[in-house]
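Novice: Mind looking over this structure? Questions follow.
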Amino acid sequence: MTDDTTDALGLTRRQALVAAAALCGFGAVAVGTAGAAQASGSLRVQLSQYPELKKVGGIALVGDLGSTPVAVVRTGTNKYIALNRRCPHAGVAVTPRGRGFVCLPPGHGSVFTDTGAKVSGLTPTGLRKLKATLSRGVLTITG
Ligand code: FES
């Protein structure tokens, strides 16, 4: 499977590896180390380091801002959003699937669009957007 193909769950190879690493407790280390760095309350993401973000609609897991797992979504030619991956229902980190996110076990199956809006499930709301500023190919994300 190449990075662009998906498995039966709709996960890319990278997403499957990230999910496997997260299940083993290595998610925070395996994700986001390629092109993101934390600095005094912000997460700086070098967008060119994430092949998933080369096309509109791409989703990348870029690491953590403090204890908050963060996803970046390319929403336009030069537009990106950052989402808090913690499900508002009970705080499980959601996983990219298809064109959005799903809250896999131990979560309870809530589904979200790629911009974080609630589609279905027990979650009371959509995913929380984080403040993000783009400059010279670096997205700086703050709480
Ligand atoms: S924690 Fe996500 S649906 Fe319950």
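Residues 707 to 849, numbered by the working numbering, are exactly what the sequence shown covers, in order.
Where is the CB? At the ideal position from N, CA and C, for every residue including glycine.
Using alpha carbons as the reference points, say which of Arg-791, Val-798, Lys-837, Ala-838 lies closest to Ala-823.
Specialist: Answer by Cα proximity: Arg-791.
Novice: Could you pull out every unbroken beta strand (DSSP E) segment of at least 3 residues lying fully inside the stretch 742-788, listed in chain order?
Specialist: Listed in chain order, the complete beta strand (DSSP E) runs (minimum 3 residues) inside the stretch 742-788 are 742-745, 748-752, 765-771, 774-782.
Novice: Which two residues bound the contiguous beta strand (DSSP E) that contains Ala-823?
Specialist: Looking at the DSSP string, Ala-823 is not in any beta strand (DSSP E), and its letter there is neither H nor E.
Novice: Give the DSSP bridge partners of Thr-848, in chain order.
Specialist: According to DSSP, Thr-848 bridges with Ser-748, Lys-837.
Novice: Look at the Cβ atom of Val-798, then the Cβ atom of Cys-809, and state whether they are nearer than 8 Å.
Specialist: A contact, by the Cβ cut-off of 8 Å.
Novice: Please indicate yes or no: does the CB of Leu-828 lie closer than 7 Å to some heavy atom of the ligand FES?
Specialist: Because some heavy atom of the ligand FES lies under 7 Å away, the Cβ of Leu-828 counts as near it: yes.
Novice: Indicate the three-state DSSP secondary structure (helix, strand or coil) for Ala-796 in the structure shown.
Specialist: In this structure, Ala-796 counts as coil in the three-state DSSP scheme.
Novice: How many angstroms separate the CA atom of Leu-753 from the CA atom of Gly-769?
Specialist: Cα to Cα, the separation comes out at about 13 Å.
Novice: When the distance is taken between beta carbons, is Lys-837 closer than 8 Å to Ile-847?
Specialist: Yes.
Novice: DSSP three-state call for Arg-805: helix, strand or coil?
Specialist: If DSSP states are grouped into helix, strand and coil, Arg-805 belongs with coil.
Novice: Determine whether the beta carbon atoms of Gly-764 and Arg-780 lie at a separation below 8 Å.
Specialist: Yes; because the gap between Cβ atoms is below 8 Å, this pair is in contact.
Novice: So what does DSSP say about Thr-819, is it helix, strand or coil?
Specialist: The answer is strand: DSSP assigns Thr-819 an E or B state.
Novice: Between the alpha carbons of Pro-812 and Ala-777, how many angstroms are there, rounded?
Specialist: Taking the straight line from one Cα to the other gives about 19 Å.
Novice: Check whether the Cβ atoms of His-795 and Leu-767 sit closer than 8 Å, and answer yes or no.
Specialist: Result no, Cβ atoms of His-795 and Leu-767 do not sit closer than 8 Å.
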